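Below is one structure, written out as structure tokens; the observations come after it.
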Amino acid sequence: MPNGTILVVDDVEYNRRILDGLLRQHGGYDILQVADGLEALAIARQTRLDLVLLDINMPNLDGFETCIQLKADSRTRPVPVIFVSSSDESLDKVRAFGVGGIDYVTKPLHIPEVLARVNSHVALYRQQRELEVLRQEQIRYLESIAEIKDKFMRGVSHDLKNPLGIIIGAVETLRESPLTEEQVQLVDIIERKAGFMLAIISDLLDIARIEAGYAPNRAPISLHLLVQEALVGFDLLAERKQINLLVQLPANDTEVNVERHALCRVIANLVANALKYTAEGGTVALEASTEDDHLSIIVRDNGFGIPEEALPHLFEKFYRVPQPNHAEEEGTGLGLAIAKAIVEQHDGTINVETTLGEGSTFSVRLPLHGRNAK
Ligand code: ADP
1366 MPNGTILVVD DVEYNRRILD GLLRQHGGYD ILQVADGLEA LAIARQTRLD
1416 LVLLDINMPN LDGFETCIQL KADSRTRPVP VIFVSSSDES LDKVRAFGVG
1466 GIDYVTKPLH IPEVLARVNS HVALYRQQRE LEVLRQEQIR YLESIAEIKD
1516 KFMRGVSHDL KNPLGIIIGA VETLRESPLT EEQVQLVDII ERKAGFMLAI
1566 ISDLLDIARI EAGYAPNRAP ISLHLLVQEA LVGFDLLAER KQINLLVQLP
1616 ANDTEVNVER HALCRVIANL VANALKYTAE GGTVALEAST EDDHLSIIVR
1666 DNGFGIPEEA LPHLFEKFYR VPQPNHAEEE GTGLGLAIAK AIVEQHDGTI
1716 NVETTLGEGS TFSVRLPLHG RNAK
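First residue of the sequence shown? That's 1366 in the numbering used here, and the numbers climb one at a time after it.
Here it is as structure tokens:
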């Protein structure tokens, strides 16, 4: 088996013969010969080459121009090109490397040197190709793992949802029978915890669905209505905690083109968090507006704030700030992951500015005319 295939490009037949003999006999290569750049391009596109030895001074298409065209075509780009220059022309080395050459040799050819350079570049190129094959295999492997994980998550989530629904139904039936005070307390716990598990599973399924990469189902909706819908029930919650919940909207209502339920969820998650992680008597302010074809949602609170070391993890699934006042609040650590997934599905961004002990500001910004589900 030959050690590889090399294309020798030179308009002087004698030069081609010298290289042909040398590389065949001493290098064990298969050699293809052509007399000009255009022919070289045609052969390079059709043949799997391991290297091109390219004369510079040729009529029609010279070596530099041939190399530029080889590098411009994705089929021939990776093949290493070594320039061969005559002793009577001063080689423009900067240009040789600039157009994509990997090396050069000068005539009269010093045989051991030419062989050494050719051998090392052919070997290097082969290693590159082997690495690329390995890289592609690794990508396929990782993709298959992600697919299995996704299928597993969906499967398990569905399988858990049903029995949990049955437990909750059974608890409701149980409440209809006479129960002691202790039994009522136990039923409360079962119901609360089963509801909590159901919420985690629904959230996980939602994240998996959003992360599957579907475009959002955008439709125009009034900004006032969107916020109103998102805030249903929150005034009661705020009142219970004596938190001042302020809402600021543009005086003139405007339509926003977003996936209604998804955006409601983002607003609700951010406001719910602001209320949860703010002490009694605090303030939570929601501001929504449009500008430059973008929707902006800002939720400010003067609550617990978030320590700096928590920030890199804040939007990760299941992450909760490990501080006692945070842990006291019930939560799954999925709310911000969902908000981020939805915002990114709308090609937007979500950020937080926060100071421990002083409060946090979550800002969402997303384009109003992005991709849409078909
Ligand atoms: P959770 O269900 O725990 O509220 P999230 O994903 O919504 O989950 O939030 C992740 C964590 O980020 C929370 O557990 C909390 O520690 C912190 N966090 C979120 N919002 C705020 C906020 N407005 N102020 C302080 N901490 C917050």
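We put the CB at the ideal spot given by N, CA and C, even for glycine.
Quick caveat, the model's predicted, so the values are computed rather than measured.
- In the pairwise beta carbon analysis, the segment 1723-1732 is classified as not touching the segment 1594-1613: fewer than three pairs are separated by under 8 Å.
- With contacts defined as CB atoms closer than 8 Å, V1631 and L1651 fail to qualify as a contacting pair.
- L1676 counts as exposed, since fewer than 16 other beta carbons sit within 10 angstroms of its beta carbon.
- At a threshold of 7 Å, A1639 counts as near the ligand ADP, since its beta carbon sits closer than that to one of the ligand's heavy atoms.
- Assignment of beta-bridge partners to E1620 by DSSP yields S1587.
- The alpha helix (DSSP H) runs lying completely inside the segment 1414-1479 and spanning 4 residues or more are 1428-1437 and 1458-1463, given in chain order.
- If you draw a 10 Å sphere on the C-beta of L1640, you find 16 or more other C-beta atoms in it, and that means buried.
- Taking all protein chains in view, the Cβ of V1623 is crowded by 16 or more other Cβ atoms within 10 Å, so the residue is classified as buried.
- Between T1719 and I1662, the C-beta spacing is not below 8 Å.
- Here A1603 is actually not in contact with V1536; their C-beta atoms are around 29 Å apart, not less than 8 Å.
- Taking all protein chains in view, the Cβ of R1482 is crowded by 16 or more other Cβ atoms within 10 Å, so the residue is classified as buried.
- At least one heavy atom of the ligand ADP sits closer than 7 Å to the Cβ of N1634.
- Taking the Cβ atoms as the reference, L1660 lies roughly 13 Å from C1629, outside the contact range of under 8 Å.
- Apart from sequence neighbours up to five positions away, the residues of its chain that approach L1489 with a beta-carbon distance below 8 Å are P1445, ordered along the chain.
- For E1656, the enclosing beta strand (DSSP E) begins and ends at T1648 to E1656.
- Beta-bridge pairing by DSSP links Q1613 to E1652.
- When beta bridges are read from the DSSP output, T1714 appears opposite R1730.
- DSSP places R1494 within a helical segment (H, G or I) once states are collapsed to three.
- At least one heavy atom of the ligand ADP sits closer than 7 Å to the Cβ of S1725.
- For Q1411, the enclosing alpha helix (DSSP H) starts and ends at G1402 to Q1411.
- Residue environment: V1399 is assigned as buried (16 or more neighbouring CB atoms within 10 Å of its CB, all protein chains considered).
- Taking all protein chains in view, the Cβ of H1626 is surrounded by fewer than 16 other Cβ atoms within 10 Å, so the residue is classified as exposed.
- Distances between the C-beta of I1671 and the heavy atoms of the ligand ADP include at least one below 7 Å.
- Judged by their CB atoms, R1519 and L1601 are not nearer to each other than the 8 Å cut-off.
- With 16 or more other CB atoms across the displayed protein chains lying within 10 angstroms of its CB, H1486 is buried.
- Shortest Cα-Cα distance from I1533 to any of E1576, Q1492 and V1552 involves V1552.
- For V1686, the CB falls within less than 7 Å of some heavy atom of the ligand ADP.
- Around the C-beta of K1705, 16 or more other C-beta atoms lie within 10 Å, and the residue is accordingly described as buried.
- The closest heavy atom of the ligand ADP lies 7 Å or more from the beta carbon of T1648.
- Per the coordinates, the alpha-carbon of L1414 lies some 10 Å from the alpha-carbon of P1443.
- Rounded to the nearest angstrom, the Cβ distance from H1678 to P1581 is 26 Å, too far for a contact under 8 Å.
- For R1665, the enclosing beta strand (DSSP E) stretches over residues H1659 to D1666.
- Note on R1583: 16 or more other CB atoms within 10 angstroms of its CB, so buried under the neighbour-count rule.
- Here DSSP, grouped into helix, strand and coil, assigns I1396 to strand.
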